[in-house]
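Residue numbers 450 to 769, in the working numbering, belong to the letters of the sequence shown in order.
C-beta: ideal position from N, C-alpha, C; glycine also.
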Amino acid sequence: MAASVAAGAARRFSRCASLRRTRLSWEAPRANLSWQRQALSARGGGGSEVLEKLRLFRRTLAFSALSCLGYEAYVLISQSSVVHADAKVDEVLDQADYLYESGETEKLFQLLEQHKNSENAEVLWRLARASRDLAQLSHTPVERKKQLTYEALDYAEKALKKDPSCFSVHKWYGICVSDVGEYEGIKKKIANAFVIKEHFQKAIELNPKDATSLHLMGIWCYTFAEMPWYQSKIAAILFSTPPSSSYQEALNYFQKAEDVEPNFYSKNLLFLGKTYMKLNNRKMALLWLTKAKERVAHTEEDKQENTVPLIEIIDTWALA
Numbered sequence: 450m451a452a453s454v455a456a457g458a459a460r461r462f463s464r465c466a467s468l469r470r471t472r473l474s475w476e477a478p479r480a481n482l483s484w485q486r487q488a489l490s491a492r493g494g495g496g497s498e499v500l501e502k503l504r505l506f507r508r509t510l511a512f513s514a515l516s517c518l519g520y521e522a523y524v525l526i527s528q529s530s531v532v533h534a535d536a537k538v539d540e541v542l543d544q545a546d547y548l549y550e551s552g553e554t555e556k557l558f559q560l561l562e563q564h565k566n567s568e569n570a571e572v573l574w575r576l577a578r579a580s581r582d583l584a585q586l587s588h589t590p591v592e593r594k595k596q597l598t599y600e601a602l603d604y605a606e607k608a609l610k611k612d613p614s615c616f617s618v619h620k621w622y623g624i625c626v627s628d629v630g631e632y633e634g635i636k637k638k639i640a641n642a643f644v645i646k647e648h649f650q651k652a653i654e655l656n657p658k659d660a661t662s663l664h665l666m667g668i669w670c671y672t673f674a675e676m677p678w679y680q681s682k683i684a685a686i687l688f689s690t691p692p693s694s695s696y697q698e699a700l701n702y703f704q705k706a707e708d709v710e711p712n713f714y715s716k717n718l719l720f721l722g723k724t725y726m727k728l729n730n731r732k733m734a735l736l737w738l739t740k741a742k743e744r745v746a747h748t749e750e751d752k753q754e755n756t757v758p759l760i761e762i763i764d765t766w767a768l769a
């Protein structure tokens with residue numbers, strides 16, 4: 450990469466020097482004729498004046514050539530710095546993705562927190578995710594959970610400003626807005642519902658093959674399909690058309706997510722089962738709940754999903 454940048458700079462310098470030579474080829478004769486006329490008419494100290502102008506002309510030529518060379522050197526150094534910066538960001542992202550796939554939540558957060566002032570949206574949304582995931586760990590103190598939740602939203606907002614065309618940015622912004630709602634009361638939580646839905650849908654629009662975004666839209670639909678009556682009344686007061694959905698709509702998103710990436714997330718398996726339960730389809734409910742129970746747990750969240758209540762649900766439905 451550096452070699453190609455250097456080669457490009459050399460070509461530009463050659464073009465610049467050629468342009469200088471072309472200009473001098475037609476400027477120099479005009480200058481010489483002008484000075485010859487001055488020399489012929491010069492009296493007394495006029496000769497020294499001509500010599501001084503000649504020296505000035507030579508210095509101008511030298512300065513012009515050096516300016517061209519200096520500019521090209523500046524461009525070369527600047528481009529090399531950009532290449533180096535990009536390589537460093539790529540290295541951080543590679544390390545972050547490896548730690549995320551390995552389930553190293555705390556190490557991932559420590560790595561990305563060093564870059565919290567980054568201007569790169571790819572770094573910022575990953576930091577939002579890492580902050581949020583750390584807040585979700587069972588051993589994280591309550592006050593620390595709240596702090597991390599709000600920090601995650603801050604990082605997601607910055608990422609959204611930097612790159613609104615990135616589907617992951619919209620996905621994690623929606624998640625972080627939803628998480629903050631847990632600390633701001635039911636009215637704020639319902640008021641944020643439209644914002645959350647908008648960003649999940651935008652994430653799907655930008656990447657229809659992202660199973661997680663599809664799953665999240667399913668969760669949104671499921672949540673409003675089973676909204677308690679008192680929350681429905683609050684929503685009706687806040688909005689002329691309050692947020693609403695159905696179990697069938699939720700099921701469609703959960704199934705799309707599974708079609709895109711089978712067995713990608715224990716919670717999607719669980720909610721497929723729960724949604725079929727709501728739709729009174731015992732056979733399909735048992736199928737997906739059993740898959741959720743048997744799925745190998747990879748994260749702490751997976752372990753929380755594979756709990757005794759899930760087994761009890763399956764047993765109850767099997768005996769019914």
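Taking C-beta atoms as the reference points, S580 and Y604 count as a pair closer than 8 Å. The three-state secondary structure of H648, taken from DSSP, is helix. S551 counts as exposed, since fewer than 16 other C-beta atoms from the protein chains shown sit within 10 angstroms of its C-beta. By the C-beta density criterion, T690 is exposed, having fewer than 16 other C-beta atoms within 10 angstroms.
In this structure L665 is in contact with K620, their Cβ atoms being roughly 7 Å apart against a cut-off of 8 Å. Annotation: the continuous alpha helix (DSSP H) that includes D628 extends over 616–630. Nearest in C-alpha terms to S627, of all of C615, I645, F713, is I645.
Between the beta-carbon of S694 and that of F673 there is about 4 Å, and that keeps the pair under the 8 Å contact cut. Excluding residues up to 5 positions away in sequence, H664, G667, N717, F720, L721, T724 lie with their Cβ nearer than 7 Å to the Cβ of F703 in the same chain. Under the three-state reduction of DSSP output, E710 falls in the coil class, being neither helix nor strand. Counting only residues of its own chain and dropping the five nearest sequence neighbours on each side, W737 has a CB closer than 7 Å to the CB of L718, L721, G722, Y725. The criterion of a C-beta distance shorter than 8 Å is satisfied by F616 and N656. Of the residues E555, V572, S567, the one whose Cα lies closest to the Cα of D543 is V572. Following the DSSP letters along the chain, one finds F673 inside the alpha helix (DSSP H) bounded by residues 660–674. Within the model, the alpha-carbon separation for A570 versus E707 is close to 28 Å.
Straight through space, the alpha carbons of C670 and K607 are spaced by roughly 27 Å.
Rounded to whole angstroms, the Cβ separation of A545 and A577 is 12 Å, and the two are not in contact under 8 Å. The beta-carbon separation of L700 and L728, rounded to 7 Å, stays under the 8 Å limit for a contact.
Apart from sequence neighbours up to five positions away, the residues of its chain that approach F558 with a beta-carbon distance below 6 Å are A579, L583, ordered along the chain. Counting along the chain, no alpha helix (DSSP H) covers E568, and no H or E run does either. CA-to-CA, the gap between A741 and R731 works out to about 15 Å.
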